[in-house]
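Engineer: First residue of the sequence shown: 1, per UniProt numbering; consecutive thereafter.
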Amino acid sequence: MLHEQEAGAGVAADTKNWWKRPYRMVQTNLRQTDALYDQKALAREVKAFGADVLLYNIGGIYAFYPTTLDLHAINPHMKGDALGDAIEAAHSEGIALVGRYDMSKATRLGYEAHPDWFVHNARGEALEYNGTYQACVNGGWYQDYSLEIISESLGKYDVDGVFFNMFGYTNFTYSGHYFGTCVCDNCRRRFHDMYGKALPLKEDFSDPSYADYLEFKDRTSLALRAKVYKHIKQVAPQVAMTGHRGDSDLIRMETQRAVDRPQPEWPYQAGEQARWGQAYGQGKTVSSTSANFIDFAWRFVSETGPYQLARAAQQLGSGATLDYYLLGVMEQDDKTAFPDTSRLFHWHKANERHYTGLKPASKIALYHSHAVVPGHGAGGYSKRPASGHLAEAAFRGAYRALVEARLPFDLVVDEVITGDKGADVLARYDALVLPNVTCMSDAEAKTIDAWVKAGGVLLATGETGLYDEKGARRETPALKSLPITDRPMARPNMKGAYFRVTPGELPISDDVKLLMLDHTYYVAEAAQGSETVLKLLPPQRFGPPELCFPDYESDMPGAIIGAHGKGRAIYVPWHADALYYRDSLPHTRTFLTDLVVRHIAPAPVKVEGRGSLEVTVQSQPAEGNVLVHLINYSGQRNNLYEDAPALHGLRLGVRGVTGAALALVSGETVQPAGPADSEGYLWYALPPVEAFEAIQVRAH
Numbered sequence: 001m002l003h004e005q006e007a008g009a010g011v012a013a014d015t016k017n018w019w020k021r022p023y024r025m026v027q028t029n030l031r032q033t034d035a036l037y038d039q040k041a042l043a044r045e046v047k048a049f050g051a052d053v054l055l056y057n058i059g060g061i062y063a064f065y066p067t068t069l070d071l072h073a074i075n076p077h078m079k080g081d082a083l084g085d086a087i088e089a090a091h092s093e094g095i096a097l098v099g100r101y102d103m104s105k106a107t108r109l110g111y112e113a114h115p116d117w118f119v120h121n122a123r124g125e126a127l128e129y130n131g132t133y134q135a136c137v138n139g140g141w142y143q144d145y146s147l148e149i150i151s152e153s154l155g156k157y158d159v160d161g162v163f164f165n166m167f168g169y170t171n172f173t174y175s176g177h178y179f180g181t182c183v184c185d186n187c188r189r190r191f192h193d194m195y196g197k198a199l200p201l202k203e204d205f206s207d208p209s210y211a212d213y214l215e216f217k218d219r220t221s222l223a224l225r226a227k228v229y230k231h232i233k234q235v236a237p238q239v240a241m242t243g244h245r246g247d248s249d250l251i252r253m254e255t256q257r258a259v260d261r262p263q264p265e266w267p268y269q270a271g272e273q274a275r276w277g278q279a280y281g282q283g284k285t286v287s288s289t290s291a292n293f294i295d296f297a298w299r300f301v302s303e304t305g306p307y308q309l310a311r312a313a314q315q316l317g318s319g320a321t322l323d324y325y326l327l328g329v330m331e332q333d334d335k336t337a338f339p340d341t342s343r344l345f346h347w348h349k350a351n352e353r354h355y356t357g358l359k360p361a362s363k364i365a366l367y368h369s370h371a372v373v374p375g376h377g378a379g380g381y382s383k384r385p386a387s388g389h390l391a392e393a394a395f396r397g398a399y400r401a402l403v404e405a406r407l408p409f410d411l412v413v414d415e416v417i418t419g420d421k422g423a424d425v426l427a428r429y430d431a432l433v434l435p436n437v438t439c440m441s442d443a444e445a446k447t448i449d450a451w452v453k454a455g456g457v458l459l460a461t462g463e464t465g466l467y468d469e470k471g472a473r474r475e476t477p478a479l480k481s482l483p484i485t486d487r488p489m490a491r492p493n494m495k496g497a498y499f500r501v502t503p504g505e506l507p508i509s510d511d512v513k514l515l516m517l518d519h520t521y522y523v524a525e526a527a528q529g530s531e532t533v534l535k536l537l538p539p540q541r542f543g544p545p546e547l548c549f550p551d552y553e554s555d556m557p558g559a560i561i562g563a564h565g566k567g568r569a570i571y572v573p574w575h576a577d578a579l580y581y582r583d584s585l586p587h588t589r590t591f592l593t594d595l596v597v598r599h600i601a602p603a604p605v606k607v608e609g610r611g612s613l614e615v616t617v618q619s620q621p622a623e624g625n626v627l628v629h630l631i632n633y634s635g636q637r638n639n640l641y642e643d644a645p646a647l648h649g650l651r652l653g654v655r656g657v658t659g660a661a662l663a664l665v666s667g668e669t670v671q672p673a674g675p676a677d678s679e680g681y682l683w684y685a686l687p688p689v690e691a692f693e694a695i696q697v698r699a700h
């Protein structure tokens with residue numbers, strides 16, 4: 001139960017600097033008819049819900065204000081000025097208003113005037129859906145007319161921020177039907193100017209232009225975002241722009257489900273996005289708006305309240321703030337999640353000071369490569385390497401292994417590592433995990449190698465660094481720190497293979513003598529002076545039972561560990577991470593995590609006790625505090641999210657702290673059980689943990 005605190009304990013509203021603090025946003029993706037809703041009532045309802053920021057439509061497809069631009073269609077249901085009324089109402093309630101633009105589409109007005117501004121496939125068809133037309137990133141609607149819309153609206157209205165929906169390219173309709181790539185004259189001309197070749201004929205690496213086309217889409221999308229950001233700052237410098245990658249004042253993403261996504265359920269989406277935002281934003285405020293509904297086709301059927309709490313707990317625990325997304329206004333036909341979400345918003349308001357100025361404080365980092373990991377338009381190059389089909393499973397398996405081993409960790413991202421601050425970012429961490437990061441630039445490898453040489457501990461799996469940043473094969477590994485002499489040789493079809501575990505090699509029972517292996521094994525020659533663990537049993541007979549006994553054991557290792565300067569690098573020549581994602585065998589998880597923790601200092605925090613939970617740690621330097629979150633997943637069973645049964649009897653150990661701990665959710669003060677132990681942990685017996693708990697302790 002979220003501890004009720006005194007009213008007025010939150011920070012006073014400041015509608016202009018909303019994005020510099022841990023805000024609570026409600027996003028209303030408005031329908032045309034919502035322009036008729038009483039804007040004063042909407043502002044009161046949003047405030048009563050516990051939010052201090054309202055996201056409200058400005059325009060793009062339909063203007064929610066009386067525009068004078070000929071091609072910008074006015075909402076046909078609007079009477080008067082919905083946007084102006086909404087701004088006045090929000091500000092009167094102390095609520096910041098963020099305007100929503102969707103420049104990705106236009107109505108027939110824009111299309112018929114300038115069809116060349118819009119997406120056309122190889123058959124000459126426009127991408128039309130319900131009377132709206134998809135704009136081409138390289139066409140005049142996006143490049144020029146959108147700036148006129150911005151100039152008009154921001155020049156007239158006192159909005160506090162702006163959000164742009166669907167920046168970039170799309171090949172699919174809302175119904176999920178494949179449409180194909182845009183081959184309009186603008187795309188043809190710009191691609192040829194940049195690469196000196198024709199657009200690809202198909203989205204496949206067999207086409208010699210396709211790798212460059214992926215880069216083209218990324219570069220032009222980021223250039224457009226930069227152009228829009230610069231224009232906003234010229235028109236209304238005080239207005240904050242949200243964003244994902246590229247230029248923005250804050251990071252904002254979206255957490256949602258889709259019924260046709262492959263199972264198993266990925267319950268860590270919200271935390272993954274929060275960690276990514278922290279890693280990419282480097283100090284920017286981060287949120288990932290949590291969709292109220294289950295899928296786009298059913299926008300009015302709500303997720304459960306416990307699911308919203310699970311998402312929010314992950315985000316708070318990994319440095320993001322609260323953000324909730326509705327289709328329409330607060331008057332919904334299914335308010336299933338409203339009570340839990342509203343109660344959380346009010347609790348957060350009362351505890352906002354504890355979430356101000358937080359910084360990541362983990363000592364383990366998991367590497368996220370834009371070239372490799374699918375999602376948000378990323379991961380395109382991962383399909384080129386031989387093991388590319390395992391890209392998502394490898395990343396998620398490593399992510400799961402760290403979460404489920406209760407090891408606090410952050411993400412680091414390739415785009416930051418290759419920048420000016422890359423070395424400084426890596427220097428924060430004792431260990432770095434590279435889960436089959438197949439595609440890697442020379443710049444990435446150089447920064448990582450230097451970090452290992454300075455004392456870092458690196459764990460890399462599978463085909464990490466065996467391809468360049470566009471997925472082209474390398475003849476030697478990009479990482480010089482790996483304890484191998486040459487490019488490993490892939491041996492596929494390892495179904496029925498095992499690893500022999502010698503007693504004492506892993507912190508598991510001596511009764512466990514085997515780990516399973518599938519997919520591919522990479523035969524690598526260990527560098528001189530390195531050590532190995534486990535031994536490969538090549539594929540064994542698995543039928544009939546009378547013949548199921550090992551007839552050959554090799555000396556090939558399950559991991560190779562070697563020194564590089566002051567640091568160590570561990571190469572795992574198989575896809576242990578992807579197998580853990582698929583099979584969830586705890587000993588595979590232990591193999592991965594033990595290879596990391598045995599070589600670094602004890603974690604900042606650890607938890608003892610039963611239950612499915614995640615632990616995260618953040619610091620609050622200005623206040624001298626440490627904030628630890630414990631997130632309870634006991635209410636989740638695949639894609640079902642119900643109330644999490646409370647976890648009892650948990651003990652939390654925290655290093656480098658002193659005095660009593662404050663449990664922010666239960667409201668209890670917890671005294672340490674005694675002096676710090678030999679590893680420096682001060683131990684606290686925790687109150688029962690329901691959806692989550694946040695423990696604040698004073699740092700030394």
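Cβ coordinates follow ideal geometry from the N, Cα and C atoms, glycine included.
Spatial neighbours of Pro604 within its chain, please: C-beta separation below 8 Å, excluding the five flanking residues on both sides.
Structural biologist: Within the same chain, Pro604 has close Cβ partners Ala361, Ser362, Lys363, Pro408, Val617, Val626, Val654, Arg655 and Gly656.
Engineer: What does a CB cutoff of less than 8 Å around Arg406 pick up in its chain, not counting 5 residues either side in sequence?
Structural biologist: Within the same chain, Arg406 has close Cβ partners Lys606, Val607, Leu613, Glu614 and Val615.
Engineer: Is the CB-CB distance between Phe345 and Phe49 below 8 Å?
Structural biologist: Yes, Cβ-Cβ distance for Phe345 and Phe49 is below 8 Å.
Engineer: If you follow the alpha helix (DSSP H) that Lys606 is part of, which residue opens it and which one closes it?
Structural biologist: Here Lys606 belongs to no alpha helix (DSSP H); instead the beta strand (DSSP E) covers Val605 to Glu608.
Engineer: Nearest CA to the CA of Met440: which residue from Asn17, Gly465, Glu525 and Ile448?
Structural biologist: For the residues Asn17, Gly465, Glu525 and Ile448, the minimum Cα distance to Met440 belongs to Gly465.
Engineer: Could you check whether Glu531 and Ile561 sit closer than 8 Å to each other, using their CB atoms as the reference points?
Structural biologist: Yes, these two residues count as a Cβ contact at 8 Å.
Engineer: With a 10 Å radius around its C-beta and 16 neighbouring C-beta atoms as the bar for buried, classify Gln234 as buried or exposed.
Structural biologist: Exposed, because fewer than 16 other Cβ atoms sit within 10 Å of the Cβ of Gln234.
Engineer: How about the segment 505 to 524 and the segment 417 to 425: do they share at least three Cβ pairs that are nearer than 8 Å?
Structural biologist: Judged by Cβ distances under 8 Å, the segment 505 to 524 makes no contact with the segment 417 to 425, as fewer than three pairs qualify.
Engineer: Note down, in chain order, each residue of its chain lying with its Cβ closer than 8 Å to the Cβ of Asp449, except the 5 sequence neighbours on either side.
Structural biologist: Only Leu479, Lys480, Ser481 and His564 meet the Cβ criterion.
Engineer: Give me the residue from Asp486, Asp577 and Pro264 with the minimum Cα distance to Leu366.
Structural biologist: Here the closest residue by C-alpha is Asp577.
Engineer: Check the DSSP bridge columns for Asp410 and list the partner residues they point to.
Structural biologist: According to DSSP, Asp410 bridges with Ala365.
Engineer: On a Cα-Cα basis, can you pick out the residue from Ala198, Asn121, Val162 and Ser288 that is closest to Leu55?
Structural biologist: Looking at the Cα atoms, Val162 is the closest of the given residues.
Engineer: May I have the straight-line CA-CA distance separating Leu127 from Lys421, to the nearest angstrom?
Structural biologist: Approximately 41 Å between the Cα atoms of the pair.
Engineer: Taking just the CA atoms, how far does Tyr552 sit from Arg245?
Structural biologist: If you take the alpha carbons of Arg245 and Tyr552, they lie about 51 Å apart.
Engineer: Can you name the start and end residues of the beta strand (DSSP E) that Tyr681 belongs to?
Structural biologist: Segment Tyr681 to Ala685, the beta strand (DSSP E) holding Tyr681.
Engineer: Taking all protein chains shown into account, do 16 or more other C-beta atoms lie within 10 angstroms of the C-beta of Cys548, making it buried, or fewer, making it exposed?
Structural biologist: Exposed, because fewer than 16 other Cβ atoms sit within 10 Å of the Cβ of Cys548.
Engineer: Measure the alpha-carbon distance for Ser287 versus Val239 and round it to whole angstroms.
Structural biologist: Using only the alpha carbons, I get a separation of about 18 Å.
Engineer: Where Asp212 and Ser369 are concerned, what is the direct C-alpha to C-alpha distance, given to the nearest angstrom?
Structural biologist: Roughly 18 Å between the two C-alpha positions.
Engineer: At the level of alpha carbons, what is the spacing between Ala660 and Ala673?
Structural biologist: Whole-angstrom Cα-Cα distance: 10 Å.
Engineer: Take the Cβ of Gly243 as the centre, count every other Cβ of all protein chains shown within 10 Å, and call the residue buried at 16 or more, exposed below.
Structural biologist: Answer is buried; the Cβ neighbour count reaches 16.
Engineer: In this structure, what does DSSP give as the bridge partners for Phe118?
Structural biologist: According to DSSP, which records beta bridges pairwise, Phe118 is partnered with Ala135.
Engineer: If we ignore side chains and look at the alpha-carbon of each, how far apart do Ala313 and Pro573 end up?
Structural biologist: So the alpha carbons of these two residues sit roughly 35 Å apart.
Engineer: Would you identify the three-state DSSP class for Cys187, choosing helix, strand or coil?
Structural biologist: Of the three classes helix, strand and coil, the one that applies to Cys187 here is helix, per DSSP.
Engineer: Report whether the distance from the Cβ of Leu147 to the nearest heavy atom of the ligand SAM is below 7 Å.
Structural biologist: What this structure holds is no ligand at all, so the ligand SAM is not there to describe.
Engineer: Note the first and the last residue of the continuous alpha helix (DSSP H) segment covering Ala270.
Structural biologist: Where Ala270 is concerned, the enclosing alpha helix (DSSP H) stretches over Gln269 to Gly281.
Engineer: Going along the chain, which residues of its own chain have a beta-carbon closer than 8 Å to the beta-carbon of Tyr157, five neighbours each way excluded?
Structural biologist: Cβ neighbours of Tyr157 beyond the five flanking positions: Ile58, Tyr65, Leu83, Gly84, Ile87 and Gly99.
Engineer: I'd like the ranges of any alpha helix (DSSP H) spanning at least 4 consecutive residues and lying wholly in the segment 26 to 78.
Structural biologist: Fully enclosed alpha helix (DSSP H) runs of 4 or longer: 39 to 49.
Engineer: Is the shortest distance between the beta-carbon of Pro200 and the beta-carbons of chain D less than 8 Å?
Structural biologist: Included in the structure is just one protein chain, with no chain D present.
Engineer: Please report the distance separating the alpha-carbon of Glu623 from that of Tyr229.
Structural biologist: Each residue's alpha carbon lies about 34 Å from the other.
Engineer: For Phe542, count neighbouring C-beta atoms within 10 Å of its own C-beta (all shown protein chains included) and say buried if the count is 16 or more, exposed if not.
Structural biologist: So Phe542 counts as exposed.
Engineer: Note down, one range per segment and in chain order, each beta strand (DSSP E) of at least 3 residues found wholly within the segment 619 to 643.
Structural biologist: The qualifying runs are 625 to 632.
Engineer: Which residues in the same chain as Tyr195 place their Cβ atom closer than 8 Å to its Cβ, once the five residues preceding and following it in sequence are excluded?
Structural biologist: Closer than 8 Å at the Cβ level, and outside the excluded window around Tyr195, lie Ser209, Asp212 and Phe216.
Engineer: In whole angstroms, give me the CA-to-CA distance for Gln263 and Tyr580.
Structural biologist: Looking at the two C-alpha atoms, the distance is approximately 15 Å.
Engineer: Quickly, what does DSSP pair Ala646 with across the bridge? List them, please.
Structural biologist: In DSSP, Ala646 forms no bridge with anything.
Engineer: Give the C-beta separation of Gln32 and Pro76 to the nearest angstrom, bearing in mind that I take them to be a contact with Cβ-Cβ under 8 Å.
Structural biologist: Right, their Cβ atoms sit about 7 Å apart.
Engineer: State the beta-bridge partners of Ser290 as determined by DSSP.
Structural biologist: DSSP, once it has assigned bridges, lists Thr255 and Tyr324 as partnering Ser290.
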